[in-house]
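Participant: What follows is a structure written as structure tokens; I'll ask about it next.
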Amino acid sequence: MNLSFRKNIKNLLKNEQIKPLRKLGQNFLVDDKAVNRVIKAADIKSDDSILEIGPGPGILTKELAKRAKKVLAVEKDKNMVKLLEENLNLKNLEIINSDILKFVPDFKNYKITANLPFYLTSHVVRYFLEIIKEKPKQMTLIVQKEVGQRICANPPKMSILAVSVQAYAKTEIISYIPRKSFWPMPKVDSVIIRIIPCFSNYLYMYPEKKELFFKIVKAGFSQPRKQLANNLSHGLKVNKEKTAKWLLKNKIQPSQRAETLGPKDWISLTESYFKGITFKDLIV
């Protein structure tokens, strides 16, 4: 841990009479080794355009700007925007005061780097994977350890969050960051994850099937500790015996739990729904 790195950030904020805002989940990365791990994970090329979400005092921003063609830093906190503008005079850096969930990138083939607070993580990931038109090539995110593990989980530890992300993208845990690497120090450790959208994935290729896909997934996870046949039967209002038949035709045991299914299983269930294997015959 480079203590001077932490001290410099604290002194900078103190001199500007700025305090980290709890309501925005501001915990700034103040360990230079951790910063280097994030930069390495981001795999920045000289011709890359980077969208940085919540740059704060610009700890990562400077390192991103050294390596990328362009950095667009979107910051919601006006005090941080002022701090950035006063302290970072970089030709390839643009600073925008905006809520990231209302911001629409005007460039293509960009990468995202961000240190995300807990309350914002799932919203940001969904926004950039599902909602906006110009999606990033890659997202390198610092998130709470438990959230990162959930996003990158495999069967039998899946969740709605894991399925929702992995239906659109490849996910990977890159590195862990101890809580002492942040200031103010949070209560939990963090993790660096990489999310790469795959435009050949099912929901990108067949967006019209998105509603049904998530209807089935949500029904399956409605009571995670219960058997899948019970949840789907109740949630989709389908006879349990016929629901079991549907599952078996998809090589899924009715007694399984939703957490044991990967994205391909949910896709199979959605496809068999469309092909008439199930609901035309299964609805009582």
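So the sequence shown is numbered by my numbering: it starts at 13 and just counts up by one.
Glycine included, every Cβ here is placed at the ideal spot set by N, Cα and C.
(1) Taking DSSP as the reference, what is the three-state secondary structure of ASN121?
(2) Short check: CB of GLU87 to CB of PRO67, under 8 Å?
(3) By a C-beta neighbour count over all protein chains shown, 10 Å radius and 16 as the cutoff for buried, is TYR214 buried or exposed?
(4) Does the count of Cβ pairs from the stretch 119-128 and the stretch 144-161 closer than 8 Å reach three?
(5) Rounded to whole angstroms, what is the Cα-Cα separation between LEU132 and VAL155?
(6) So, does the stretch 158-172 touch the stretch 264-274, judging by three or more C-beta pairs under 8 Å?
(7) Given SER58, which residues of its chain have a CB within under 8 Å of its CB, disregarding the five upstream and five downstream residues?
(8) To the nearest angstrom, report how far apart LYS90 and VAL200 are at their CA atoms.
(9) Could you have a look at GLN268 and say whether DSSP puts it in helix, strand or coil?
(10) In or out: SER110 buried (at least 16 other Cβ within 10 Å) or exposed?
(11) Between GLU146, LYS147, LEU113, PHE119, which lies nearest to VAL136 when the distance is taken from Cα to Cα?
(12) With distances taken between CB atoms, is the gap from CYS210 to THR183 smaller than 8 Å?
(13) Please report the distance separating the alpha-carbon of ASN104 from that of LEU76.
(14) Please determine, among TYR285, LYS145, LYS120, the residue with the shortest C-alpha to C-alpha distance to LYS261.
(15) Relative to the C-alpha of TYR188, which residue among VAL177, PRO198, ALA181, VAL203 is closest?
(16) Could you check whether ILE144 and VAL177 sit closer than 8 Å to each other, using their CB atoms as the reference points?
(17) How many Å lie between PHE226 and SER234 at the Cα?
(18) Closest to ASP118 by CA distance: which of VAL93, ALA256, GLU146, GLY274 is it?
(19) Go through its chain and collect everything with a Cβ distance to VAL175's Cβ below 7 Å, but skip five positions before and after it.
(20) Which first and last residues belong to the beta strand (DSSP E) in which TYR216 is found?
(21) Could you give the DSSP three-state label for THR290: helix, strand or coil?
(22) Relative to the C-alpha of ASN121, which candidate in ASN20, GLU28, LEU63 has its C-alpha closest?
(23) Taking buried to mean at least 16 other C-beta atoms within 10 Å of its own C-beta, is SER212 buried or exposed?
Facilitator: According to the structure shown:
(1) ASN121 carries a coil assignment under DSSP once its states are collapsed to helix, strand and coil.
(2) Yes, they are a contact pair.
(3) Classification of TYR214: buried, given that the 10 Å Cβ count is 16 or more.
(4) Yes, they touch.
(5) For LEU132 and VAL155, the distance between alpha carbons rounds to 10 Å.
(6) Judged by Cβ distances under 8 Å, the stretch 158-172 makes contact with the stretch 264-274, as three or more pairs qualify.
(7) Around SER58: ARG79, ALA80, LYS81.
(8) Cα to Cα, LYS90 sits roughly 27 Å from VAL200.
(9) Looking at GLN268 - three-state DSSP - the assignment turns out to be coil, as it is neither helix nor strand.
(10) SER110 should be labelled exposed.
(11) Here the closest residue by C-alpha is LEU113.
(12) The answer is no: Cβ separation not under 8 Å.
(13) Distance between the alpha carbons of ASN104 and LEU76 is about 10 Å.
(14) Answer by Cα proximity: TYR285.
(15) Nearest option by C-alpha distance: VAL203.
(16) Taking 8 Å as the Cβ cut-off, VAL177 and ILE144 do not qualify as a contacting pair.
(17) Those two C-alpha atoms are separated by around 12 Å.
(18) Looking from the CA of ASP118, the closest CA among VAL93, ALA256, GLU146, GLY274 belongs to GLU146.
(19) For VAL175, where only same-chain residues beyond five positions count, the Cβ hits under 7 Å are VAL229, PRO275, TRP278.
(20) For TYR216, no beta strand (DSSP E) run applies; the uninterrupted alpha helix (DSSP H) run containing it begins and ends at 214-217, by DSSP.
(21) Unreliable placement is indicated for THR290, whose pLDDT of 46 sits below 50; no coordinate value is reported for it.
(22) When the alpha-carbon of ASN121 is set against those of ASN20, GLU28, LEU63, the nearest one is in LEU63.
(23) Answer is exposed; the Cβ neighbour count stays below 16.
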